[in-house]
Amino acid sequence: MATSAPVIITRPGERGDILAEAIEACGHSVARLEMMRLEGLPESPEQRAAWLDFDQFRRVVVVSPFAAECLAEALDRFWPQLPVGVDYYAVGQATASALNAHLGVRVHVPPASVGEDTSEALLTLGSLHSLDNEKILLVAGEGGRTLLAETLAARGARVIRLALYRRTLRPPVPAMAERLATGDFRALVVSSGEILEYLARWCAGAALNQPLIVSSARLATLAGKLGFRDAVVARGATPAVLAAAVANACDPQEADVDQDDLEKG
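Residues in the sequence shown are numbered consecutively from 792, following the working numbering.
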């Protein structure tokens, strides 16, 4: 394998651009593998009812940056000024940043002490433990995990789950499929279980032995079941954190030296 082999990233859209820049800043070339396309859904009667009654929700939980963008676009049409008394929650810092940028609201995120941007981590927040008959809006895409909705309902909430977009998976182009089949890449970065499961069908023996950077322990467990042998868990899903994990996995000796220097300083 050539030393110039790139780091393959699978994050789509503008967020993928930012991740690529962060990894390139660490000295690694990047190849984009956009296997997932995100597309907003037409407004449904259920969505319209939720927007009209938005002030009745005590909490709003948003699962992804694209869900945050779709939510902001809808609210802009129905609520020139956001209602007060609504608490916002995000599964991860990137989603929180999107909510803050588009809506200007404060957002609850998973505790830093948990060390992951996941649904499980968000559910450890004390404010989501006792939800006696509270009305909660869960904003997500089609399909996906049911953990948040089921857990919040079990804790007493009346949960309305709205799918605002769909995810479409696409096969890699032939050149990228060849890289996956031969392991001709420096590392692979994945922060979605759906993408990881889809991607695995193109990864043969050599690829399964290359460093796989994932954003949670849950994804690392899934990676092991799929045959990946070198999963590295980053401390979250932000571009900076994923890029640091790539640097540590690809340049471990250099990373050790840097850490020693920091400790001496």
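Where is the CB? At the ideal position from N, CA and C, for every residue including glycine.
Given the structure is predicted, the values throughout are model-derived calculations rather than measurements.
What does DSSP give as the partner residues of aspartate 808 in its beta bridges? Looking at the DSSP assignment, aspartate 808 forms no beta bridge with any residue, so it has no partner.
Using the DSSP secondary-structure output, state which residues sit across from glycine 831 in a beta bridge. Tyr956
From leucine 843 to alanine 859, what distance separates their C-alpha atoms? 18 Å
Just mark alanine 892 as buried or exposed, buried being the case when its beta carbon has 16 or more other beta carbons within 10 Å. It is exposed - the Cβ of alanine 892 has fewer than 16 other Cβ atoms within 10 Å.
Inspect the beta-carbon positions of phenylalanine 1019 and leucine 999 and report whether they are closer than 8 Å. yes
Measure the C-alpha to C-alpha separation of isoleucine 951 and isoleucine 927 and round it to an integer number of angstroms. 6 Å
Check for me: the beta strand (DSSP E) holding aspartate 878 runs from which residue to which? 878-881
Please specify which runs of the alpha helix (DSSP H), each continuous and at least 4 residues long, are wholly inside the segment 888-972, giving them in chain order. 910-913 and 938-945
Of the residues Phe848, Val821 and Thr909, the one placed nearest serine 1007, counting alpha carbons only: Thr909
At the level of alpha carbons, what is the spacing between glutamate 911 and aspartate 923? 20 Å
Measure the beta-carbon distance from isoleucine 1004 to alanine 1040 and round it to whole angstroms, keeping in mind my assumption that it falls under 8 Å. 6 Å
Are the beta-carbon atoms of alanine 940 and leucine 929 separated by less than 8 Å? yes
Please say whether valine 896 and glycine 883 have beta carbons closer to each other than 8 Å? no
In the DSSP assignment, what residue or residues form a beta bridge with leucine 1003? Leucine 1003 is bridged to Leu979 and Ala1022.
Cα-Cα separation, tryptophan 870 to alanine 931: 20 Å
Backbone CA spacing between leucine 916 and glycine 804 [nearest angstrom]: 30 Å
Length of the line joining the Cα atoms of leucine 938 and leucine 829: 21 Å
Just the C-alpha distance for arginine 802 and leucine 943, rounded to the nearest angstrom, thanks. Within the model, the alpha-carbon separation for arginine 802 versus leucine 943 is close to 28 Å.
At which residues does the alpha helix (DSSP H) containing arginine 868 begin and terminate? 856-869 is the extent of the alpha helix (DSSP H) around arginine 868.
Tell me the rounded alpha-carbon separation between proline 963 and methionine 826. 6 Å
Own chain residues within Cβ distance below 7 Å of valine 821, not counting five before or after: Pro797, Val798, Ile800, Ala811, Ile814 and Glu815
So, with DSSP's three-state summary, where would you put valine 1032? Helix.
Quick one: residues in its chain with C-beta nearer than 7 Å to the C-beta of glutamate 986, no 5 flanking neighbours on either side, listed in chain order? The displayed chain sequence assigns isoleucine, not glutamate, to residue 986. Excluding positions up to five away in sequence, the list reads Thr801, Met826 and Met827.
In whole angstroms, give me the CA-to-CA distance for aspartate 1051 and serine 795. Low confidence applies to aspartate 1051: its pLDDT is 36, below 50, so where it sits in the model is not reliable, and the reading given next is rough at best. Computed Cα separation, rounded: 27 Å.
Determine whether the beta carbon atoms of tyrosine 880 and valine 905 lie at a separation below 8 Å. Not in contact: tyrosine 880 and valine 905 (Cβ atoms no closer than 8 Å).
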